[in-house]
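Structure first, commentary second.
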Amino acid sequence: MTDQNNRMRTLLSADRPVPPSRVANVMTFAWRALLKIKHMPEQVFDVVVTPVMFTVLFTYLFGGALAGSAGAYLQFLLPGILVQTVMFTSIYLGFTLNTDLSKGIYDRFKSMPIWRLSPIAGAMTGDIARYSISAAIVFVIGFGLGYRTEAGITGIVASIVLLNVFALGFSWIFTLISLVVRTPSTVMTLGWLVLMPMTFVSNVYVDPATMPGWLQSLVAVNPVSHVTTAIRGLMAGAADIGEIGLALASPLAVAAVCAPIAVRLYNRER
0 MTDQNNRMRT
10 LLSADRPVPP
20 SRVANVMTFA
30 WRALLKIKHM
40 PEQVFDVVVT
50 PVMFTVLFTY
60 LFGGALAGSA
70 GAYLQFLLPG
80 ILVQTVMFTS
90 IYLGFTLNTD
100 LSKGIYDRFK
110 SMPIWRLSPI
120 AGAMTGDIAR
130 YSISAAIVFV
140 IGFGLGYRTE
150 AGITGIVASI
160 VLLNVFALGF
170 SWIFTLISLV
180 VRTPSTVMTL
190 GWLVLMPMTF
200 VSNVYVDPAT
210 MPGWLQSLVA
220 VNPVSHVTTA
230 IRGLMAGAAD
240 IGEIGLALAS
250 PLAVAAVCAP
260 IAVRLYNRER
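Numbered per numbering that gives the first Met the number 0, the sequence shown spans residues 0 to 269.
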């Protein structure tokens with residue numbers, strides 16, 4: 000009994016390890032999000048193949064008809080393809096979150112001595128790398144096909160930063176969906192129902208001046224149109240503060256509405 004008491008006193012008197020900070024928690028889960036690509040190679044397919052396919056096909060299929068030449072259309076199209084690519088990539092946050100929830104992995108995370116929201120914050124941080132890689136691939140393909148920017152590396156970096164902010168804001172929609180529905184396939188289905196109208200009813204592919212009036216009104220209020228216009232300005236060396244402000248307003252509004260609801264749903268007892 001005396002030995003046991005001595006051991007207890009020794010354990011209680013020993014220095015306890017310092018728990019990891021919130022930043023360390025977030026970075027650990029960010030690394031976990033990147034490692035998931037190894038186990039879900041279809042994400043690599045979307046990140047790598049989809050930008051190449053859309054950039055090349057749209058440029059050569061529609062370039063001559065819409066702009067007179069593939070080169071002229073590429074100058075108009077590439078900023079829109081950047082937005083489309085990053086938006087399509089953002090859906091995987093909700094997909095992977097729902098997959099983990101359905102397997103009970105997040106219940107295990109909640110029982111660990113870590114910052115409670117670090118799994119979600121880490122997943123979003125890891126997605127910044129995927130968004131940036133997707134955008135870089137589009138730039139490489141675009142430059143290979145003849146795209147040129149007046150703003151140089153400054154415009155490229157500013158465009159990628161704006162794209163990341165935009166995608167992170169809208170990824171809260173898919174986070175919220177993943178916490179409401181039961182299966183990852185439902186997240187994908189609902190996600191595409193959100194993304195497809197937003198992407199195609201915009202100024203990504205064509206100038207809305209040729210559209211009917213009611214459709215022009217929809218394009219004018221579409222956040223995808225705002226961020227596409229802002230990036231075209233950044234890449235042309237004619238950045239417009241007003242357009243950049245409009246491009247940032249919508250993702251911030253989405254995050255302000257969806258994030259509190261998503262956090263509340265995440266913290267509920269499952």
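Using N, Cα and C, we set each Cβ at its ideal position, and we do this for glycine too. Predicted, not measured: the structure shown is a model, and the values here were computed from it.
Its chain contains Ala122, Met123, Asp126, Ser170, Phe173 and Thr174 as the residues whose beta carbon lies nearer than 7 Å to that of Leu92, once the 5 sequence neighbours on both sides are disregarded; these appear in chain order. DSSP places Ala166 within a helical segment (H, G or I) once states are collapsed to three. Taking the CA atoms as reference points, Ile80 sits about 29 Å from Val180. In terms of Cβ geometry, Asn97 and Tyr130 do not form a close pair [threshold 8 Å].
The beta carbon of Ala166 sits closer than 6 Å to the beta carbons of Val85, Ser89 and Tyr130 from its chain, once the five residues preceding and following it are set aside; these are given in chain order.
In this structure, DSSP gives Tyr59 a helical state, which the three-state scheme calls helix. Around Pro78, the same chain offers Thr227, Ile230, Arg231 and Met234 as residues with beta carbons nearer than 7 Å, after the five sequence neighbours per side are excluded. Thr198 places its beta carbon less than 8 Å from that of Val223. Per the coordinates, the alpha-carbon of Val220 lies some 15 Å from the alpha-carbon of Val193.
When Thr27, Ala64 and Phe75 are compared, the shortest CA-CA separation from Tyr204 is found for Phe75.
Straight across, the Cα-Cα distance linking Ala208 with Thr95 is about 39 Å.
With respect to the 8 Å criterion, Ile119 and Tyr265 are classified as neighbours on the basis of their beta carbons. Here the alpha carbon of Ser216 sits roughly 33 Å from the alpha carbon of Val47.
Apart from sequence neighbours up to five positions away, the residues of its chain that approach Asp99 with a beta-carbon distance below 6 Å are Tyr105, ordered along the chain. Excluding its 5 nearest sequence neighbours in each direction, Val218 has C-beta neighbours in its own chain below 8 Å: Val200, Ser201, Asn202, Pro207, Met210 and Ser224, listed in chain order.
Scanning its chain for C-beta atoms nearer than 8 Å, with the 5 sequence neighbours on each side dropped, one finds around Ala71 the residues Gly62, in chain order. Lys37 sits in a helix when the DSSP states are folded into three classes.
With a contact defined as Cβ atoms closer than 8 Å, Thr58 and Leu73 qualify at about 5 Å. For the 8 Å CB-CB criterion, Ile140 and Val51 form a contact. Here Gly236 has Glu149 and Ala150 as same chain residues with Cβ atoms under 6 Å from its own Cβ, once five neighbours each way along the sequence are excluded. If the five residues before and after Ile260 are omitted, its C-beta is found closer than 8 Å to the C-beta atoms of Leu175, all from its own chain and listed in chain order. A Cβ-Cβ separation of about 7 Å places Ser101 in contact with Thr182 under the 8 Å criterion. Shown here for Gly145: same chain residues with a beta carbon closer than 7 Å to its own, the five before and five after excluded, namely Gly70 and Leu73 in chain order. For Leu116, the three-state secondary structure derived from DSSP is coil. Residue state for Tyr204 is assigned as coil, using DSSP reduced to three classes. When DSSP states are grouped into helix, strand and coil, Thr54 belongs to the helix group. Following the DSSP letters along the chain, one finds Met111 in no alpha helix (DSSP H), marked with neither H nor E.
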